[in-house]
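Colleague: Pasting a structure here, questions to come.
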Amino acid sequence: MKKIEAIIRSRKFDEVKESLAEKGIHFFTFYEVKGFGHQKGKELSYRGAIYDAGYIARIKLEIILSDEFVETAYETIAKAAHTGENGDGLILVTPVLSIKNIRSGLEGSKSINI
Amino acid sequence: MKKIEAIIRSRKFDEVKESLAEKGIHFFTFYEVKGFGHQKGKELSYRGAIYDAGYIARIKLEIILSDEFVETAYETIAKAAHTGENGDGLILVTPVLSIKNIRSGLEGSKSINI
Amino acid sequence: MKKIEAIIRSRKFDEVKESLAEKGIHFFTFYEVKGFGHQKGKELSYRGAIYDAGYIARIKLEIILSDEFVETAYETIAKAAHTGENGDGLILVTPVLSIKNIRSGLEGSKSINI
Amino acid sequence: MNETLYTVNNLWILIAAALVFIMHLGFASLEAGFVRKKNTVNILFKNSMIIGIGLITYYLVGFNMMYPGDVFAGGYFGFSGIGAIAPEGDAGGIAYADGAYSYYSDFIFQAMFAATCATIVSGAVAERIKLGAFLLFSAIFVAFIYPIIGMWKWGGGWLDSLDVPFYDFAGSTIVHAAGGFAALAGAIVLGARKGKYTKSGIKAIPGHSLPFAAVGVFLLWFGWFGFNGGSVLSADPGNVSLVFVTTSLSAAAGAIGAFIMSYLLFKTHDLSMVLNGILGGLVGITAGADLMTNPSWAIVIGFIAGLIIPVSVVFFDKMKVDDPVGATSVHLVCGVWGTLAVGLFGTKAGWDQFISQLIGVAAVGAFAFATAFAIFYFLKVTVGIRVSAEHELKGLDITEHEMEAYSGMMDEGGQQWAFSA
Amino acid sequence: MNETLYTVNNLWILIAAALVFIMHLGFASLEAGFVRKKNTVNILFKNSMIIGIGLITYYLVGFNMMYPGDVFAGGYFGFSGIGAIAPEGDAGGIAYADGAYSYYSDFIFQAMFAATCATIVSGAVAERIKLGAFLLFSAIFVAFIYPIIGMWKWGGGWLDSLDVPFYDFAGSTIVHAAGGFAALAGAIVLGARKGKYTKSGIKAIPGHSLPFAAVGVFLLWFGWFGFNGGSVLSADPGNVSLVFVTTSLSAAAGAIGAFIMSYLLFKTHDLSMVLNGILGGLVGITAGADLMTNPSWAIVIGFIAGLIIPVSVVFFDKMKVDDPVGATSVHLVCGVWGTLAVGLFGTKAGWDQFISQLIGVAAVGAFAFATAFAIFYFLKVTVGIRVSAEHELKGLDITEHEMEAYSGMMDEGGQQWAFSA
Amino acid sequence: MNETLYTVNNLWILIAAALVFIMHLGFASLEAGFVRKKNTVNILFKNSMIIGIGLITYYLVGFNMMYPGDVFAGGYFGFSGIGAIAPEGDAGGIAYADGAYSYYSDFIFQAMFAATCATIVSGAVAERIKLGAFLLFSAIFVAFIYPIIGMWKWGGGWLDSLDVPFYDFAGSTIVHAAGGFAALAGAIVLGARKGKYTKSGIKAIPGHSLPFAAVGVFLLWFGWFGFNGGSVLSADPGNVSLVFVTTSLSAAAGAIGAFIMSYLLFKTHDLSMVLNGILGGLVGITAGADLMTNPSWAIVIGFIAGLIIPVSVVFFDKMKVDDPVGATSVHLVCGVWGTLAVGLFGTKAGWDQFISQLIGVAAVGAFAFATAFAIFYFLKVTVGIRVSAEHELKGLDITEHEMEAYSGMMDEGGQQWAFSA
Ligand SMILES: Nc1ncnc2c1ncn2[C@@H]1O[C@H](COP(=O)(O)OP(=O)(O)O)[C@@H](O)[C@H]1O
Ligand SMILES: Nc1ncnc2c1ncn2[C@@H]1O[C@H](COP(=O)(O)OP(=O)(O)O)[C@@H](O)[C@H]1O
Ligand SMILES: Nc1ncnc2c1ncn2[C@@H]1O[C@H](COP(=O)(O)OP(=O)(O)O)[C@@H](O)[C@H]1O
């Protein structure tokens, strides 16, 4: 089992989700994050003073996968989230030592929802 | 040291927190996440059009633990977060290479707040 | 490659960010989390009843780094986020198995934005 | 009566009616601010419907039950037929009320009051009552219960015919205490919100937006100029201006009273208490706003109302009567206080008056409580009045309305991307 | 005419003008609530500017084009010069309108109406129109199009001179349908918001704050007391009070109608529909508010308007006319309905009247639609009217205003730390 | 004077008082919108208390210090005793002000003004002042400083007795500049919010809710119809209608002026500037609203006020005077401008008048600034006026009120689960 973490553009979220679904990967967790990278946040202005949060908003996905699905997911996300412009984000694979599905109590790769 | 990550129902949060406290685990970090899984989000309706965020809201816990506490925490969460219905979520154990408490500067398992 | 995760005080965020920048580390991802630890949340009061969320608000940073930068980042954050009072938070180093930059398609440490 | 003075008087009653209307926005904002986010659409929906249902049922039956005419004078009940259509010519105009207002001005002013009374209930039963049951209750309450109570005094019924007639200038009893007692009945029959009273004590369930609540209270005060000022039932300069002064000073003193008492009790400055304190002052002065010829009396009445509010809120919580917006403390308790205050301060003060006030508020309170209790209980055993525990947990917005009050508030950079899925 | 009655009448027109003013806050709140968070500053900006631009252009040209004087009676167009300065002495005072109101009262009341008409458009074109283009449109619309339409009827033009004169008491056609048709033209020329009509069907794009929308609707109702009540053009007790009653009952019935129809169609209780239903009832009664001497007719008109609303919203969505706030359903459709209803109910009901109503609303609708379409189209091919896809995605707040409507709403513990960076 | 005309006049003053009341909601909303989320409860609390404290202190001492009677004519100070109780009979009624209004109408109208003046200060000192110190300041200001200033002109004092009397129709100087100078003193004594002026320059600290700010401004405009319109002190049709027109056109022109200037300076469309521009236009016209018999003058005055606003905001920022809501720019600067404009435009324009205006506004400004400075300074060295750095960081809501303005806004699916812990 592995965990894939991907930081992607919010507006690419739907595309990524659908591409994953086509490959049979329906289950994942996500949340909103902020990032500092090549792409900068837009400057805002308020009562004559300019301010700049600096960061941009991104979505982070986390997907737990059996080893055999990792490669597919990895490539699928890389393709669907790509625009070629600064700010596309990145994908990581990280190790998972053990896993348990709370409902079924199953452990290991049997427990993974796909 | 290990990191336990658990994705649980919001309404089970208090129960999990209290069960952990009973086992002497008082310290952890959490945040709100969204998930796609067996359980689907409720369909909403607005001016005649139906929409569906698809996802459901979940809480994610992260607990850093010395190895001897991992098993207890793992089982405690699994029990407290269980309802038996779709959407219960999952628990992972992931590796930690090193850790430092910012206040005390202590490293390794001495640094871990429990 | 490693991932550094740090849980810090919101009000130390700018300092940490600037210290990292001085060491040449400009890119990272962050999000708001809540934590239970030594420091407790402030009690609030509403219509005569006291309530206490219990948790405190923290910022979590995630930085993906080539191995040679890990030590620097680790120490820099530890210093910049330090106040010496309860609630300073902690820093972890966790393993990364592989990484891909979505824009460039590059993998491994070449892919890492610094 | 000259035509011009009639025009002025009538104009004031109409403007007052518009001001009482805006109280409905005040209640809607206040209640929306005091409930949790997950029940906000629901409370706004109820408030939007109540004014609709209230006006129409009052048009159909309420008005003619509340003002059935002289034949029912001194009685307990009367009715003069369906619908409120003005008599032809002067009978519905200058001659209708001695040149004070036309038939339709009377109707619309009274109709806005009627809807107010039902709205009081909505806050106390919020976050757990079924929409349908609540709307049914409101319709019955505005169509029958409120008009019967109103008839007792303002319609020339028995309370108006006591030896020392019961006095209730603009409705501390007739509107506020009546609504407040009905609210109490509703809160009791429903039971508390889940998680409010637990083994480990009383839990705070903070309202989701105090700014909305504050807007509501200021709008209510604004509307009260019409509620009390219009109850002079003419534009008489001396009386209307006195009422404006006593109403405002009482509200002001209510803020200060609640400020002090909530600091004494809770050692903090609770905005929700000061807001309730203002309302307490307003409700308190309503029975005798025209009698406090020394405005300092109004300050005393309002100040005491303000002191009462935090104590009363704590008391109802101790009694496990769960009232998310404090409607019972504001309308019931301060309504009773204001009614009795007529016997203590102002130009009618005196023992006999005090007794009549006691009779009046007790009779109205008992009737409002009993009938509201009966209706709620009947609805409970028939259609059911409480949403399921699961619906309560998820919130009524999603479960009864399939909507959320706020969408995309959390999105950075304005991207409500989730909805394009 | 006695001086005192003149003073009363005039006072009422002024108060009514202030109430119509508050409708602008109503529109601003309603529209802000119905758009996404990312376009909230933009819609508020537009609404703040429209009232400014509207009043000033109406002062400069509009008023004298709408009321050019008797020489243009029965005509299609007139103009009596730049600026609105009262005639000296009684001519601008008691003699100006037979003691009903002064010249300046007339002007300010009319000017508030004019700005309203432009505001109707802003909701329908929200979330995608360029700021500059919209402000230009508004200026032209208030300066020329609305006054010309108004002149046809209220300025004594041809619609007022039909054998059976077209009747439009307070503007179901002149203000609401005119604004609604212009809104339709704008929505068509602009096209739908991205992501609204997709291959997989019609997508919901929920407004970001239903509480704001609800506040807006209550304020609009409040303002309507001035809109309709002031259109009596005197403080005549009988007429003004009748208008208050019919206006309120129709709004109330609109809520109930929309409640029922949206339940039938959608099997849910859609707050946004009930809010639109109230507005539909208000627009519907506007043409004949003084004619429904049996207030039950007003209930029927409002109830039907309420039933129409959900059907109409669905219809425009099917036609792929994207109208984020439902302005076309409320103002165009219910405006037409209310205009025709004058031929069906009330003291002018009759076939001949119905035909005149049809002529009036058709002529106004055609003219408003055609001119608005032409202006929008002209702006489209010259300065451009639609923001870029990227700006639309990011939201107009950031791209046109470099601001966000809400800052730090997400921060825990009140730390807007991000801005100290 | 006939009884009926008295009734009309008096009714208008009362309605105007209610409209001035609603300005307090306007200020509360505006200021709440312009502060950070973490200080929202605090600002609402202050605004709720000021109206309470203001009305009661004005009742106790202010009114009789501002209008001490003829014996003090031409003087600098007077006082005619504690409490405001109407003289018996006609002396407090029709004879009180030649049939224009009753004693109590006078009191309540003036009392609402007084509270307004204190409210102006609250915005400028927001987000860092201690609650207790602020409430003390407000009480002293409304009880003594404002009444003394008011007495100089409206109470028949020395400014009213200049050879060419100083003119201030509704209070550009007496209310707005006075409040604005006191606000300036407060902002100076307190110092800037942490993080506003840093080594790397002036930082933006955006308000947490521009929608609330916009609501506030529209409500202020609405209330200004009473503020200026009521200052005619009768329902005189010619004057009140002129005042409505000049007030509205000036506000409209203020929006446009600020729109243009903020685009020139900042190259963007800053909603907060347009909102301030509207207020600037309103403040600017207040001194001479009844003198601009050619309404185009009002447009010029408002337009210039609008142009001034962004420049002034930037200027005060350069001076490191931290004013979160722009109260100094709106009330002080535009108040001075409006006062001087009486010497430049309208029926009193002329060199002598200009000099008198200069004397008046300088004297009032100096007195208001000096006394406010002294009070704030005294409070600073005694009870302390500024919250601790830590409290400022955490926000005053949590530290002074133990409450949050919004609860559970971030929860998905409406679960405010954290509070059941
Ligand atoms: N080294 C890193 N560690 C953590 N997050 C990163 C790192 N580099 C980039 N990111 C995340 O990815 C987002 C996009 O990065 P950016 O440099 O703008 O994209 P690109 O590499 O396509 O130019 C950033 O906003 C940040 O959230
Ligand atoms: N493979 C996965 N990777 C990441 N998160 C997952 C995965 N499977 C489930 N989850 C998370 O757990 C939540 C519950 O999953 P669900 O399938 O509904 O529960 P159950 O397994 O009890 O039926 C999901 O909403 C999602 O957040
Ligand atoms: N064992 C842990 N696992 C996960 N998060 C932790 C752990 N211990 C502390 N934290 C995080 O760090 C934050 C600060 O911890 P706290 O104990 O208050 O600080 P300190 O160690 O400086 O006294 C907590 O609120 C929590 O978010």
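Protein chains in written order, with the working numbering: chain A, 1 to 114; chain B, 1 to 114; chain C, 1 to 114; chain D, 1 to 421; chain E, 1 to 421; chain F, 1 to 421.
Positions of the beta carbon are idealized from the N, C-alpha and C atoms, including for glycine.
Interface residues of chain E around B/Ser45 at Cβ under 9 Å?
Modeller: By Cβ distance, chain E contributes Ala204, Phe266, Lys267, Thr268, Asp270.
Colleague: Closer than 6 Å by C-beta to E/Ser262: which residues in its own chain qualify, once you throw out the five before and the five after it? Chain order, please.
Modeller: Correct list, in chain order: Asp270, Met273, Pro310.
Colleague: Ligand 2 and A/Asn112: does the residue's C-beta get closer than 7 Å to at least one heavy atom of that ligand?
Modeller: Note that residue 112 of chain A is Ile in the sequence shown here, rather than Asn. A/Ile112 Cβ: within cutoff of ligand 2.
Colleague: Where does E/Gly414 fall in DSSP's three states?
Modeller: In this predicted model, E/Gly414 has a pLDDT of only 34, less than 50, meaning its place in the structure is not dependable; the value taken from the coordinates is given anyway. In this structure, E/Gly414 counts as helix in the three-state DSSP scheme.
Colleague: How about A/Glu71: is its Cβ closer than 7 Å to a heavy atom in ligand 3?
Modeller: It does not: the Cβ of A/Glu71 is nowhere closer than 7 Å to a heavy atom of ligand 3.
Colleague: Tell me, which residues are paired with C/Ala57 by DSSP?
Modeller: DSSP lists C/Lys34 as partners of C/Ala57.
Colleague: Under 8 Å, do C/Met1 and C/Asp67 count as touching if we go by C-beta distance?
Modeller: A contact, by the Cβ cut-off of 8 Å.
Colleague: Starting from the Cα of D/Phe107, find the closest Cα among D/Val164, D/Cys117, D/Asn64, D/Leu393 and give me that residue.
Modeller: Minimum Cα distance to D/Phe107 is reached at D/Asn64.
Colleague: According to DSSP, is E/Val240 helix, strand or coil?
Modeller: E/Val240 falls in the helix class under three-state DSSP.
Colleague: Which value, in whole angstroms, describes the spacing of the CA atoms of D/Gly254 and F/Tyr146?
Modeller: Roughly 24 Å between the two C-alpha positions.
Colleague: I'd like the list of long-range same chain contacts for B/Phe28, defined as Cβ closer than 6 Å, with 5 residues on each side in sequence excluded.
Modeller: Result list for B/Phe28: Leu61, Ile63, in chain order.
Colleague: Taking only beta-carbon atoms, is B/Phe28 less than 8 Å away from chain E?
Modeller: No, its Cβ sits nowhere closer than 8 Å to a Cβ of chain E.
Colleague: For A/Asp88, which residues in chain C fall below 7 Å Cβ to Cβ?
Modeller: Within 7 Å Cβ-Cβ: Ile102, Arg103.
Colleague: Just to confirm my understanding: we take D/Val313, look at its own chain, exclude 5 residues before and 5 after, and list those with CB closer than 6 Å. What are they?
Modeller: If we look at D/Val313 and ignore the five residues flanking it on each side, its Cβ neighbours are Gly326, Ser329.
Colleague: What are the start and end residues of the alpha helix (DSSP H) that includes B/Thr94?
Modeller: Unbroken run through B/Thr94 is the beta strand (DSSP E), 90-95; no alpha helix (DSSP H).
Colleague: Let's see if you can read the secondary structure: which residues bound the alpha helix (DSSP H) around F/Ile94?
Modeller: No alpha helix (DSSP H) contains F/Ile94, which DSSP labels as neither H nor E.
Colleague: What is the DSSP secondary structure of E/Arg128, counted as helix, strand or coil?
Modeller: E/Arg128 falls in the coil class under three-state DSSP.
Colleague: Using a Cβ-Cβ cutoff of less than 8 Å, which residues in the same chain neighbour B/Val96 once the five nearest sequence positions on both sides are dropped?
Modeller: Met1, Lys2, Lys3, Ile64, listed in sequence order.
Colleague: What number of angstroms, rounded off, separates the C-alpha of D/Glu88 from the C-alpha of E/Val245?
Modeller: Distance between the alpha carbons of D/Glu88 and E/Val245: 16 Å.
Colleague: Consult DSSP for E/Lys199 and reduce its assignment to one of helix, strand or coil.
Modeller: DSSP places E/Lys199 in coil when its eight states are reduced to three.
Colleague: Run down chain A in chain order and give the residues with a C-beta less than 8 Å from the C-beta of B/Ile91.
Modeller: Chain A residues near B/Ile91: Ile99, Lys100, Ile102.
Colleague: Name, please, each residue of chain B whose Cβ falls closer than 9 Å to the Cβ of E/Met273.
Modeller: Within 9 Å Cβ-Cβ: Arg47, Gly48.
Colleague: Of the residues F/Thr119, F/Phe141, F/His391, F/Gly257, which one's Cα is nearest the Cα of F/Lys194?
Modeller: Comparing Cα positions, the closest option is F/His391.
Colleague: Tell me whether B/Ala49 sits in a helix, a strand or coil according to DSSP, three-state version.
Modeller: Strand, per DSSP.
Colleague: Does the distance between the C-beta of A/Asp67 and the nearest non-hydrogen atom of ligand 2 fall short of 7 Å?
Modeller: For ligand 2, not one heavy atom lies less than 7 Å from the Cβ of A/Asp67.
Colleague: Any C-beta of chain B sitting closer than 8 Å to the C-beta of A/Tyr31?
Modeller: Yes, A/Tyr31 lies at the interface with chain B (some Cβ there is under 8 Å from its Cβ).
Colleague: Less than 7 Å between the CB of A/Phe28 and some heavy atom of ligand 5, yes or no?
Modeller: Absent from the structure shown: ligand 5. Ligands present: ligand 1, ligand 2 and ligand 3.
Colleague: CB of B/Arg58 to nearest heavy atom of ligand 1: below 7 Å?
Modeller: Incorrect: B/Arg58 has no Cβ contact closer than 7 Å to ligand 1.
Colleague: Going by other Cβ atoms of all chains shown within 10 Å of its Cβ, with 16 needed for buried, is F/Ala287 buried or exposed?
Modeller: Buried is the call here.
Colleague: Heavy atom of ligand 1 less than 7 Å from the Cβ of C/Glu62, yes or no?
Modeller: Yes, the beta carbon of C/Glu62 sits closer than 7 Å to at least one heavy atom of ligand 1.
Colleague: Please confirm whether any heavy atom of ligand 2 lies closer than 7 Å to the CB of E/Gln110.
Modeller: Flag unset: Cβ of E/Gln110 not near ligand 2.
Colleague: For F/Ala368, which residues from the same chain have a beta carbon less than 7 Å from its beta carbon, with the 5 sequence-adjacent residues on both sides left out?
Modeller: Closer than 7 Å at the Cβ level, and outside the excluded window around F/Ala368, lie Ile145, Ile149, Ala178, Phe181, Ala182.
Colleague: Can you pull out the residues from the stretch 365-393 of chain D whose beta carbon lies closer than 9 Å to at least one beta carbon of chain H?
Modeller: The chain labelled as chain H is not found among the protein chains of the depicted structure, namely A, B, C, D, E and F.
Colleague: Can you list the alpha helix (DSSP H) stretches of 4 or more residues lying completely in the stretch 269-330 of chain F, in chain order?
Modeller: Whole alpha helix (DSSP H) segments, 4+ residues: 271-286, 295-318.
Colleague: Alpha carbon to alpha carbon, how far is E/Leu162 from E/Tyr67?
Modeller: Cα to Cα, the separation comes out at about 18 Å.
Colleague: Who are D/Leu264's beta bridge partners in DSSP?
Modeller: Bridge partners of D/Leu264: none, in fact.
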